[in-house]
């Protein structure tokens, strides 16, 4: 691993349960000398990727926010689908999520909400649990071949609370692929229902993201569930189509 890769891997130490970190922890977790850690921290601060938050700790810096803004302007799914997501949210009264799977992490990249009614446990940028919730299940189920079994072995096989063995997990993912969507209740937030469908890049024939409509179980009782499923699936199809022919960027 190059020095640059090692320095950037300091950012991997941050997570939902560790929002700031001190040099001693960095040295311990990465097996580095204090001199090397302080050099890395200085360079990351100079680049705006870290910022000092108190006498001995550092947090993610303002450059992260700037990069996040740029990503949202040019992310292919958001460029193609932001307008359609708000349209779906307005028509159903549900919150609509775009989610992606990268490097073993599942995160929501954008949320279109009709109002501030819902208090989501897993908002934008917060990693989602593996194979829990409609967004996560769809993104995992549409992985191909041996990658699916490898993901099971890496993320679920040794988890004490995992309800699946490999045959059960394989059966569950096959059903999602056959249905073309996933419907869940109370898996991420108590009292909420989610319906998610994959965004498939037709050129690559692979899943690049998922779209989900989420709302209270009571709100779903006012809607025809089959109609919401059709609307979600149709919206993912339109997003994938727009990704093939993106609008001209100014």
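In the UniProt record's numbering, the protein residues as written are 1 to 250.
The C-beta atom is built at its ideal place from N, Cα and C for all residues, glycine as well.
In this structure, the straight-line span from the alpha carbon of residue 87 to that of residue 172 is close to 31 Å. Secondary structure at residue 234: helix, using DSSP grouped into helix, strand and coil. DSSP, read as helix, strand or coil, puts residue 169 in helix.
For residue 44, the CB contacts under 6 Å within the same chain, skipping 5 residues up- and downstream, are 50 in chain order.
With contacts defined as CB atoms closer than 9 Å, residue 176 and residue 142 qualify as a contacting pair.
Three or more beta-carbon pairs drawn from the stretch 230-239 and the stretch 197-216 are found closer than 8 Å, and the two stretches are therefore classed as touching. Each of 123, 93 and 30 was checked against the Cα of residue 189, and the nearest Cα belongs to 123. According to the DSSP assignment, residue 83 belongs to the alpha helix (DSSP H) that extends over 76-92. Within 10 angstroms of the beta-carbon of residue 137 lie 16 or more other beta-carbons, which makes it buried.
Counting only residues of its own chain and dropping the five nearest sequence neighbours on each side, residue 127 has a CB closer than 7 Å to the CB of 16, 105, 106 and 107. As the crow flies, the alpha-carbon of residue 12 is around 13 Å from that of residue 25. If you draw a straight line from the Cα of residue 114 to the Cα of residue 168, it is about 37 Å long. In the displayed model, residue 145 falls within a helix according to three-state DSSP. The distance from the Cβ of residue 170 to that of residue 139 is about 16 Å, inconsistent with a contact at the 8 Å cut-off. Beta bridge pairing from DSSP links residue 212 with 97 and 196. For residue 52, the enclosing beta strand (DSSP E) stretches over residues 50-52.
Per DSSP, the continuous beta strand (DSSP E) segment holding residue 112 begins and ends at 105-112. Residue nearest to residue 220 within the set 195, 178, 144 and 199 is 195 (criterion: CA-CA distance). Counting every other CB atom within 10 Å of its CB across the protein chains shown gives residue 4 a total below 16, marking it as exposed. According to the DSSP assignment, residue 188 belongs to no beta strand (DSSP E), since it is labelled neither H nor E.
Minimum Cα-Cα distance from residue 182 among the listed residues 174, 29 and 197 corresponds to 197. Per DSSP, residue 38 is one residue of the alpha helix (DSSP H) stretching across 34-46.
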